[in-house]
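Note sheet for the following structure.
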Amino acid sequence: MAVSVAAVAQPRREVRRLGSIYEPLKLSNLQREDEPLWEKLDRYYNAVKTTILNYQSPTTGLFPVKTYSNIKEAKVRDSLYCAACGWALAMAYRRIDDDLGRTHELEHSAIKCMRGILYCYMRQADKEKDASVLRA
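Each residue of the sequence shown is one higher than the one before, starting from 1 at the first, in the UniProt record's numbering.
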């Protein structure tokens, strides 16, 4: 039952998640000082479209936690961040008033997500009421 000191002193390896849609992009690809604003917004739009909007659920409007598995879970916090990202980019497109329909797409993606969250909350309201009665 002797445990070696080297085995105890070894630090744990970090587990790296692969396949998540929330992996950060390299900002060096997105930040260039010498190009016009609409080209920057187009690059941001392409990044948001490929990393976030393509994974939005068509029925609930929520965003999945993992994209590489068959698990269809969604968390409110992640969905709120994705909706805020799309909404902020839509406001930037609205400000330059040259969007080719992207403002509409981004706004409605955020609205659909928020409606999905509200719908899930409303479906759970009865369960919460029942749980509060049991606690009392």
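No residue lacks a Cβ here, since even glycine has one placed at the ideal position from N, Cα and C. Remember, predicted model here, so these are calculated numbers, not experimental data.
> How would you label Gln124, buried or exposed, when you count the other beta carbons within 10 angstroms and need 16 or more for buried?
Replying inline: Burial call: exposed.
> For the candidate residues Ser57, Tyr55, Asp42, Gly61, whose alpha-carbon lies nearest to that of Leu118?
Replying inline: Between Leu118 and the set Ser57, Tyr55, Asp42, Gly61, the nearest pair of CA atoms involves Gly61.
> Does DSSP put Lys129 in a helix, a strand or coil?
Replying inline: Taken through DSSP and simplified to helix, strand or coil, Lys129 comes out as helix.
> Taking all protein chains shown into account, do 16 or more other C-beta atoms lie within 10 angstroms of the C-beta of Gly116, making it buried, or fewer, making it exposed?
Replying inline: Burial call: buried.
> With DSSP run on the structure shown, which of helix, strand or coil describes Gly101?
Replying inline: DSSP, read as helix, strand or coil, puts Gly101 in coil.
>> Please state the DSSP three-state secondary structure of Thr60.
In response: Annotated three-state conformation of Thr60 is coil, per DSSP.
> Can you tell me whether Leu89 is buried or exposed, with buried defined as 16 or more other CB within 10 angstroms of its CB?
Replying inline: Answer is buried; the Cβ neighbour count reaches 16.
> Of the choices Lys129, Cys82, Asp34, whose alpha-carbon is the least far from that of Ser57?
Replying inline: Restricting attention to Lys129, Cys82, Asp34, the CA atom closest to the CA of Ser57 is found in Cys82.
>> On the criterion of 16 or more Cβ atoms from any shown chain inside 10 Å, does Ala131 qualify as buried, or is it exposed?
In response: Exposed, by the Cβ-count rule.
> Is Val76 helix, strand or coil by DSSP?
Replying inline: Three-state result, Val76: helix.
> Whole-angstrom Cβ separation of Ala110 and Gly86, contact assumed at under 8 Å?
Replying inline: Contact between Ala110 and Gly86 holds: their C-beta atoms lie close to 5 Å from each other, under 8 Å.
>> Can you tell me where the alpha helix (DSSP H) holding Leu41 begins and where it ends?
In response: Under the DSSP assignment, Leu41 falls in the alpha helix (DSSP H) whose first and last residues are 37-51.
> In angstroms, rounded to a whole number, what distance separates the CA positions of Lys49 and Val133?
Replying inline: Those two C-alpha atoms are separated by around 44 Å.
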